[in-house]
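Take the sequence shown: its letters are residues -19 to -1, 1 to 172, numbered as in mature numbering (1 follows the signal peptide of the UniProt record, and there is no 0). Input: a single structure, listed below in structure tokens.
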Amino acid sequence: MRRSAILSCQILLACTVPAAAQAPIHRCIGANGGAVFTDQPCAALQATPAAAAKPGDMATPAAAPPPILCAASRHELRQSVIDAFASRDANRLAGLMLWNGYGRGTAIADIHSLAELMKQPLLDVDIPGAAEPAPAASAGDPFATDRPSTPSPAADRLVLHTAGSDGSGGPRELRFDIVRQAGCLWLRDAN
């Protein structure tokens, strides 16, 4: 009986000691403005305490529509490119591109080029030869159809027109092939 009482006390002690040994995590803002997580008080690191945000305290930003990650149509792909330029987000534009066959260094260099491209105003996004959507069939015209006409082979290309970065004021033109893969439309550099 005495052994079981000692064993019970040892088990209870073993469970409570690690909980007491854990130090609280201090969330701080370092001198360089970066987040610092430590077991020491912030003042010991010459940092400023950062209060943890409570779920109810956080302001909900205006809900922007989520970016299209898989464009099902040329119109969606074109609009996604426009949205990427509007937000000046090179990663969002890179997410619309097909990167198969690119090496790591080449992909990084191309993303840096996209970031530079995003600094220029977007003048136009064109899909040459793409058919405009057909108007909806009216009840008064029994021969009208909702089917769009078949796009020409030139519609497999998207052309970006941006302001030139060379100071001449002339526009810059970039061409991307439109590739269908895995049920989505993707851009591939055609320059």
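Note that CB positions come from ideal geometry on N, CA and C, so glycine has one too.
Look at the Cβ atom of residue 236, then the Cβ atom of L139, and state whether they are nearer than 7 Å. No information on residue 236 is available, as it lies outside the stretch -19 to 172 that the chain covers here.
Measuring CB atoms only, is the stretch 51 to 62 touching the stretch 150 to 169, in the sense that at least three cross pairs come out at less than 8 Å? Because the criterion of three Cβ pairs below 8 Å is met, the stretch 51 to 62 and the stretch 150 to 169 touch.
Which whole-angstrom value is the C-beta distance of D170 and D91, which I expect to be below 8 Å? One-based indexing of the sequence shown puts residue 170 at position 189. One-based indexing of the sequence shown puts residue 91 at position 110. Contact check for D170 and D91: beta-carbon distance about 7 Å, within the 8 Å limit, so the pair qualifies.
Continuous beta strand (DSSP E) stretch holding I10: start and end: For the purposes of this step, residue 10 is identified with residue 29 of the sequence shown, where counting begins at 1. For I10, the enclosing beta strand (DSSP E) starts and ends at H7 to I10.
The alpha helix (DSSP H) with I89 in it runs from where to where? As a position in the sequence shown, residue 89 is number 108, starting the count at 1. Where I89 is concerned, the enclosing alpha helix (DSSP H) stretches over R85 to M99.
Is the beta carbon of A31 less than 7 Å from the beta carbon of I10? Here residue 31 corresponds to residue number 50 of the sequence shown, with the count starting at 1. Here residue 10 corresponds to residue number 29 of the sequence shown, with the count starting at 1. Yes, the pair counts as a contact, with Cβ atoms nearer than the cut-off.
Can you find the residues in the same chain that come closer than 6 Å, C-beta to C-beta, to S146, ignoring five residues on each side of it along the sequence? To locate residue 146, count along the sequence shown from 1; it is residue 165. These residues qualify, in order along the chain: Q101.
Once the 5 residues before and after L79 are set aside, which same chain residues still bring their CB inside 8 Å of it? Here residue 79 is taken as the residue at index 98 of the sequence shown, counted from 1. Counting only Cβ-Cβ distances below 8 Å, and skipping sequence neighbours, we find V160, Q162, W167, L168 and R169.
Exposure of F66, with buried meaning 16 or more beta-carbon neighbours within 10 Å: Locating residue 66 in the sequence shown gives position 85, where the first residue counts as 1. Around the beta carbon of F66, 16 or more other beta carbons lie within 10 angstroms, which makes this residue buried.
If I follow the unbroken alpha helix (DSSP H) through D64, where does it start and stop? Taking the first residue of the sequence shown as position 1, residue 64 is located at position 83. Segment R55 to A67, the alpha helix (DSSP H) holding D64.
L95 and L77 closer than 7 Å at C-beta: Here residue 95 refers to the residue found at position 114 of the sequence shown. Here residue 77 refers to the residue found at position 96 of the sequence shown. Between L95 and L77, the C-beta gap is not smaller than 7 Å, which leaves the two residues out of contact.
Minimum C-alpha distance to D105 - residue among N72, T143 and D70: Locating residue 105 in the sequence shown gives position 124, counting from the first residue. Of N72, T143 and D70, the residue nearest in Cα terms is T143.
Considering only residues of the same chain and omitting the five flanking positions on each side of A88, which have a CB-CB separation below 6 Å? The count along the sequence shown starts at 1 and reaches residue 88 at position 107. So the qualifying residues of the chain are W80.
Distance between V17 and D137 (C-alpha atoms, nearest Å): The sequence position of residue 137 within the sequence shown is 156, counting from 1. The sequence position of residue 17 within the sequence shown is 36, counting from 1. Separation of D137 and V17 (C-alpha to C-alpha, rounded to the nearest whole angstrom) is 49 Å.
How many angstroms separate the CA atom of Y83 from the CA atom of L103? Taking the first residue of the sequence shown as 1, we reach residue 83 at position 102. Taking the first residue of the sequence shown as 1, we reach residue 103 at position 122. Within the model, the alpha-carbon separation for Y83 versus L103 is close to 26 Å.
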